[in-house]
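Participant: Residue numbering for the sequence shown is -19 to -1, 1 to 141, as defined by mature numbering (1 follows the signal peptide of the UniProt record, and there is no 0). Ideal Cβ positions, reconstructed from N, Cα and C, are used throughout, including at glycine. These figures come from a predicted structure and were not determined experimentally. Right, I'll just put the structure down here and ask away after.
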Amino acid sequence: MRHFILLLLLSSVCFFTMSEVVDKFDKCKQFFLDNTAPVFTPEDVSLKPICQCLLDDKSQPIYLYATLYSTSLKIPVFSANVYNRSRTIGRCDAWYIEPQLDVPSINDKCMLSQGNGNNIGTNQAPNSDYHKSKYDRGHLYPVLHTNNHLPHRPTQLHRS
């Protein structure tokens, strides 16, 4: 099966990603089996569908994978991507935030480095949440699931 869906159901594990917050997964439905996202609507949990993207050299989004994110718990619920394994891609250690989770009206559709903008951290965990904690960041789309470096300029989305 080419489509690989990671179900990370409300775990306390930490993850990172890059993104465009959307109303539905229409812009990135190709990452789901039969182009259909799973229906997941738990009570008392605020959820945001995110089409993970980077901007190309013409400022057009390149969609890499999809994530359902809980802003109330500050964790991803699940992530879906097309599995393209490569043994030659090395790890990238850049960390970014998803500005639309905290400031929905912001024009930036994909990602920003930390330190750009105020009000970051209400719905996602910034680096300061990890200082002197027992938690560490992890991967929504691990390097071994891809054959290029595009997904590894990440936006961090972690539980605080």
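Using three-state DSSP, classify residue 34 as helix, strand or coil.
Facilitator: For this step, residue 34 is matched to residue 53 along the sequence shown. Residue state, collapsed to three classes: strand.
Participant: If you draw a straight line from the C-alpha of residue 32 to the C-alpha of residue 84, how long is it?
Facilitator: For this step, residue 32 is matched to residue 51 along the sequence shown. For this step, residue 84 is matched to residue 103 along the sequence shown. When rounded, the distance between both Cα atoms is 17 Å.
Participant: Let's test the definition: count the other Cβ atoms within 10 Å of the Cβ of residue 20 and tell me whether it reaches 16, buried, or not, exposed.
Facilitator: Working through the sequence shown from its first residue, we reach residue 20 at position 39. Answer is exposed; the Cβ neighbour count stays below 16.
Participant: Specify whether the region 41 to 60 and the region 5 to 23 touch according to this definition: at least 3 beta carbon pairs, one from each stretch, less than 8 Å apart.
Facilitator: Taking 8 Å as the limit for Cβ pairs, the verdict is that the region 5 to 23 does touch the region 41 to 60.
Participant: Could you pull out every residue in the same chain whose Cβ sits closer than 6 Å to the Cβ of residue 181, ignoring the five residues on either side in sequence?
Facilitator: It is not possible to answer for residue 181, since the shown part of the chain is limited to -19 through 141.
Participant: Would you mind reading off the limits of the beta strand (DSSP E) that contains residue 142?
Facilitator: Because the chain here runs from -19 to 141, residue 142 falls outside it and cannot be looked at.
Participant: Which residue marks the beginning of the alpha helix (DSSP H) containing residue 80, and which one marks its end?
Facilitator: Here residue 80 corresponds to residue number 99 of the sequence shown, with the count starting at 1. It spans 80 to 83 - the alpha helix (DSSP H) in which residue 80 sits, taken as one unbroken run.
Participant: Tell me, please, which residues DSSP counts as bridged to residue 26.
Facilitator: Mapped onto the sequence shown, residue 26 falls at position 45. According to DSSP, which records beta bridges pairwise, residue 26 is partnered with nothing at all.
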